[in-house]
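Here's the structure, in structure tokens; my notes come after.
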Amino acid sequence: MKNTLILAVLALCINFVSAQTLKLKKGQEFNYTTSLNGTMTQSMGGQEMIINMKASGTQNYLVENKKGDNYTLVGTVITDTLVLNSAMMDSTFTPGAEMAEVVRYEVDKLGKMISKADARSDSSKQKGAISMGIYIKPSLPMVPFEQSKVSVGEKWTLDRTDSTDFMGGQLVINTKTNYVIAEQTKHNGVKCLVIKVTADIANEGKTSMQGMDFFMEGTGKTAGNLYIDAKSGMLIDEELVTENQINLALSGQQSMVIPISQKMTTKRTLK
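Given below as structure tokens:
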């Protein structure tokens, strides 16, 4: 069961539009429902194990401050339920607010991230380390545009390096994301830009737990659609599919390399 939990550690062609700058006010809040569904397959000791994962939760983003053309947002992500199913076990976790991820972002008017900082209390950070970081992770609910006005059909690419908790250690994630403005449409009654996204991902990390050292490296791809409010510039809806190929190496009392393949579908919708 312990190994299963550890493995579970593993989101009009020329008409100009004007939603590329954020239009937010201090004190505004944006609340989202989030769901995550996926399958992870790993091989260990000549045997294959399939783990089905399902999570649901909420995300809240508060516009804490506006200074010039920059905004400070505080994102709070709560995983309400996490369900793991495999041939060896069925488990349900209810992390709730005690395990919430809280991140403070600074972004410019185009939605580009200037800084990111962990805003959890020390006690929450400790609980997060114990949880092994297998819950829903925060991500900015906006698209980082290259300029204030772009046309439908225009494309741009963003390279980014980020980090997140990895069982009490750090996982470094390098992402090359391609954006295409596909169309303008009404979605859930809101005038939106439809942004098609594809991304290449490379990640690596290490940590130690119970006398064992863990090393992880892998590659992956993400694809999906984002619906961006043409008035505020904030996310209305998204659906992303991510596929990863990962090698998890363990050293210590026992040494092994565990290949893992993972496919996850993430959905996020403004309430």
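To convert, count from 1 in the sequence shown and add 402; that's the numbering used here.
C-beta: ideal position from N, C-alpha, C; glycine also.
Compute the Euclidean distance between the alpha carbons of Thr483 and Ile538, then round it to the nearest angstrom. Indexing the sequence shown from 1 puts residue 483 at position 81. Indexing the sequence shown from 1 puts residue 538 at position 136. Computed Cα separation, rounded: 10 Å.
Curious, which full-length beta strand (DSSP E) runs of at least 3 residues does the segment 540-569 contain? 557-568
Through-space distance from Asp564 to Ile583, alpha-carbon basis: Here residue 583 corresponds to residue number 181 of the sequence shown, with the count starting at 1. Here residue 564 corresponds to residue number 162 of the sequence shown, with the count starting at 1. When rounded, the distance between both Cα atoms is 24 Å.
DSSP three-state assignment for Met490, whether helix, strand or coil: Taking the first residue of the sequence shown as position 1, residue 490 is located at position 88. Met490: coil per DSSP, three-state reduction.
Sort out for me which residues DSSP pairs Ser610 with in a bridge. Position 208 of the sequence shown, counted from the first residue, corresponds to residue 610. Beta-bridge pairing links Ser610 to Asp615.
Quick check on DSSP: helix, strand or coil for Ala521? If you number the sequence shown from 1, residue 521 lands on position 119. The answer is coil: DSSP assigns Ala521 none of H, G, I, E or B.
Using CA coordinates, which residue listed in Pro661, Asn627, Ser657, Ser634 is at the minimum distance from Thr667? Locating residue 667 in the sequence shown gives position 265, where the first residue counts as 1. Out of Pro661, Asn627, Ser657, Ser634, Asn627 has the C-alpha closest to the C-alpha of Thr667.
Put Ala584 into one of helix, strand or coil per three-state DSSP. Reading the sequence shown from its first residue, position 182 is the one you call residue 584. Ala584 falls in the strand class under three-state DSSP.
In this structure, does DSSP put Ala632 in helix, strand or coil? The residue given as residue 632 occupies position 230 in the sequence shown. If DSSP states are grouped into helix, strand and coil, Ala632 belongs with coil.
Does DSSP classify Ala502 as helix, strand or coil? On the sequence shown, position 100 is the one that residue 502 refers to. DSSP places Ala502 in coil when its eight states are reduced to three.
Under the three-state DSSP convention, the category Lys673 falls into: Start at 1 with the first residue of the sequence shown, and residue 673 comes out as number 271. Looking at Lys673 - three-state DSSP - the assignment turns out to be coil, as it is neither helix nor strand.
3-residue-minimum beta strand (DSSP E) runs that sit fully inside the segment 450-497, ordered along the chain: 472-487, 492-495
Nearest neighbour of Gln430, chosen from Tyr463, Val485, Thr579, Gly607 [CA to CA]: Within the sequence shown, residue 430 is the residue found at index 28, counting from 1. The residue with the shortest Cα to Cα distance from Gln430 is Tyr463.
Can we say the segment 474-489 touches the segment 443-450, given the rule of at least three CB pairs closer than 8 Å? no
7 Å Cβ cutoff met for Thr436 and Gly459: To locate residue 436, count along the sequence shown from 1; it is residue 34. To locate residue 459, count along the sequence shown from 1; it is residue 57. Contact: yes.
In or out: Gly622 buried (at least 16 other Cβ within 10 Å) or exposed? As a working note, residue 622 is residue 220 in the sequence shown. Gly622 is buried by the Cβ-count criterion.
Cross-strand partners of Ser445 (DSSP beta bridge): On the sequence shown, position 43 is the one that residue 445 refers to. The partner list for Ser445 (beta bridge, DSSP) reads Glu450.
Quick one: grab the DSSP three-state call for Gly571. If you number the sequence shown from 1, residue 571 lands on position 169. DSSP places Gly571 in strand when its eight states are reduced to three.
Residue burial classification, Gln612 (beta-carbon count within 10 angstroms, cutoff 16): Residue numbering aside, residue 612 sits at position 210 when the sequence shown is read from its first letter. So Gln612 ends up on the exposed side.
Taking a contact to mean a Cβ-Cβ separation below 7 Å, would you say Gly607 touches Gln656 in this structure? Position 205 of the sequence shown, counted from the start, is the residue given in the question as residue 607. Position 254 of the sequence shown, counted from the start, is the residue given in the question as residue 656. No. Outside cutoff.
For Cys594, the nearest candidate out of Phe616, Glu640, Asn646 (CA to CA): Taking the first residue of the sequence shown as position 1, residue 594 is located at position 192. Of the listed residues, the one whose Cα sits closest to Cys594 is Glu640.
Cut-off 8 Å between Cβ atoms - residues of its own chain near Asn649, not counting five sequence neighbours on either side: Taking the sequence shown and counting its residues from 1, the one referred to as residue 649 is at position 247. Closer than 8 Å at the Cβ level, and outside the excluded window around Asn649, lie Met618, Glu619, Gly620, Val659, Ile660, Pro661, Ile662.
Quick test of your reading: Asn433 and Lys669, contact by CB under 8 Å. State the CB separation rounded to the nearest angstrom. Along the sequence shown, one-based indexing puts residue 433 at 31. Along the sequence shown, one-based indexing puts residue 669 at 267. Asn433 to Lys669, Cβ: 15 Å. No contact.
State yes or no: is the C-beta of Pro540 within less than 7 Å of the C-beta of Val505? On the sequence shown, position 138 is the one that residue 540 refers to. On the sequence shown, position 103 is the one that residue 505 refers to. Against a cut-off of 7 Å, the Cβ pair of Val505 and Pro540 comes out as a contact.
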